[in-house]
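Just so you know, we're using my numbering here: the sequence shown kicks off at 1 and counts up by one.
Ideal placement from N, C-alpha and C gives every residue a C-beta, glycine not left out.
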Amino acid sequence: MTRDCNAPCMWFLAWSLRVEQMSVPFAVEGMDALALAQEGERLCRENSMKAGIKYLEMALQKKINLGGRSLEALSAIYSQLGNAYFVLRNFDKALEYHRHDLETAKLLNDRSGLAKAHGNLANTYKALGDFDSAYEHAVAHLRLAQELNDKECEAGALYNVASVYHCRAKTIIHASEPLDKSGLLTASDMTATSQLQAAINCYLQNLHIVENMKDYVACGRTYGNIGNSYYMLGDYATAVYYHNKRLDIARQYGDRAAMRRAYTNLGNAHIFLSETAKALEYYRLALSVATELHDEVTEAQCCFNVGNGAAICGDHSTATEYHTRYLKLARKLGDRAAELRACVALATDFRKQNVMGKAVYFLALQGHLSVEDFY
């Protein structure tokens, strides 16, 4: 149920434009279920998810006309709808359609389709924070991939299992209390550690497969996640090793967004290694890429990082420059939490420079903004 839309002719482009301007019922008059499904799939590939969903759901209403392979076609439609709703962050609808896909794959005794459906369900449950259900489906995905001896599928399943462990650890860490007064790890800290170690184990198994397949894009993604896992464990030197490998692949493929993430992650790790000058260098590189990408949200965060890095290095004048830039972007973006952070940072910057009038001003502004938020 695919169609080559890479080189559409002019009449097709004109027709597509008219379709965008029409109400959907008029545009699809006379289209059968298969044509509706194909058009829905095309729209989803072009990231027109809402329009694609309309066509795919209309195809379901006409499913009796899908032809002799109706169940296979239904499975494809259910999967596409689940993925489209996932992109739109409507996770309940995504679950609904991925469950339909799973049941259809069972009816077809399609083990490859079952593996795919379990993987999609794992991702959706993970997005909802239901890590137990996500883990159950991710393990089913992995088991089927291994039974099928499908290495590509197995690599994806291992990545899926690893990401469930990884996300669960992040949630535990964010919800946990700091170290108690004795300095001993709490039970939640130890649980997060075991989850991260399990994640790294699965990521390394995934890495072994994708390296053998010479899938370097997948390698880069896994390197980054291993680096993040080691960072969360406090093993910053190993985190730097993997983030450098991730950076090398991002540079090789010209992936500027991945380069920006790697630079930021390297900066963070070097801060904890007390290599502040190197950290500041990476933060500046991350900011340069974010500015090139015209991503103001990321640019703001990078400005904050450069400001903080400069402050740690004792260069409070530079810290003031970048924290001021962060404040301006926060105001432009309407991000009140970022404004508050900027005011606190600027108050500290000016206090360190013994410019007490401005330090007091930004502390007062921070208090004023906090009161506004309270009311």
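Next on the checklist: Quick check on Ser176: does DSSP put it in helix, strand or coil?
Outcome noted: In the structure shown, Ser176 sits in coil (DSSP, three-state: anything other than H, G, I, E or B).
Next on the checklist: Pairs of beta-carbons, one from the stretch 134 to 143 and one from the stretch 114 to 126, closer than 8 angstroms: are there three or more?
Outcome noted: yes
Item to check | Proximity of Thr276 and Gly309 at Cβ, strictly below 8 angstroms | outcome: yes
Next on the checklist: Report the CB separation of Leu108 from Glu72 in whole angstroms; it is logged as a contact under 8 angstroms.
Outcome noted: 7 angstroms
Item to check | Span of the alpha helix (DSSP H) around Tyr236 | outcome: 236 to 252
Item to check | Thr338 versus Ala37: straight-line alpha-carbon distance, rounded | outcome: The sequence given here places Ala at residue 338; Thr does not occur at that position. Using only the alpha carbons, I get a separation of about 44 angstroms.
Next on the checklist: On a Cα-Cα basis, can you pick out the residue from Lys170, Lys116, His243, Asp349 that is closest to Glu153?
Outcome noted: Per the sequence shown, the amino acid found at residue 153 is Cys instead of Glu. Closest by alpha carbon: Lys116.
Checklist entry - Would you report the Cα separation of Leu57 and Ser112, rounded to the nearest angstrom? => result According to the sequence as given, residue 57 is Glu; it is not Leu. Roughly 24 angstroms between the two C-alpha positions.
Checklist entry - Under the rule that 16 or more other beta-carbon atoms within 10 Å means buried, what is Tyr253, buried or exposed? => result exposed
Item to check | Between the CA atoms of His98 and His118 - distance to the nearest angstrom | outcome: Rounded to the nearest whole angstrom, the CA to CA distance from His118 to His98 is 8 angstroms.
Checklist entry - Which word fits Asp92, buried or exposed, when buried means at least 16 other C-beta atoms lie within 10 angstroms of its C-beta? => result exposed
Checklist entry - Secondary structure at Val217, three-state DSSP: helix, strand or coil? => result helix
Checklist entry - For Leu293, which three-state DSSP category applies? => result coil
Next on the checklist: Taking only three categories from DSSP, how would you classify Asp335?
Outcome noted: coil
Checklist entry - Which term fits Leu346, buried or exposed, when burial requires 16 or more other beta carbons within 10 angstroms of its beta carbon? => result buried
Checklist entry - Among the residues of its own chain, which have a CB less than 8 angstroms from the CB of Glu292, if the five just before and after it don't count? => result Arg256
Next on the checklist: As an exercise, report each continuous alpha helix (DSSP H) stretch of at least 4 residues that is fully enclosed by the stretch 89 to 142, in chain order.
Outcome noted: 91 to 108, 111 to 127
Item to check | Presumed contact (8 angstroms Cβ cut-off) between Cys202 and Tyr165, rounded CB distance | outcome: 7 angstroms
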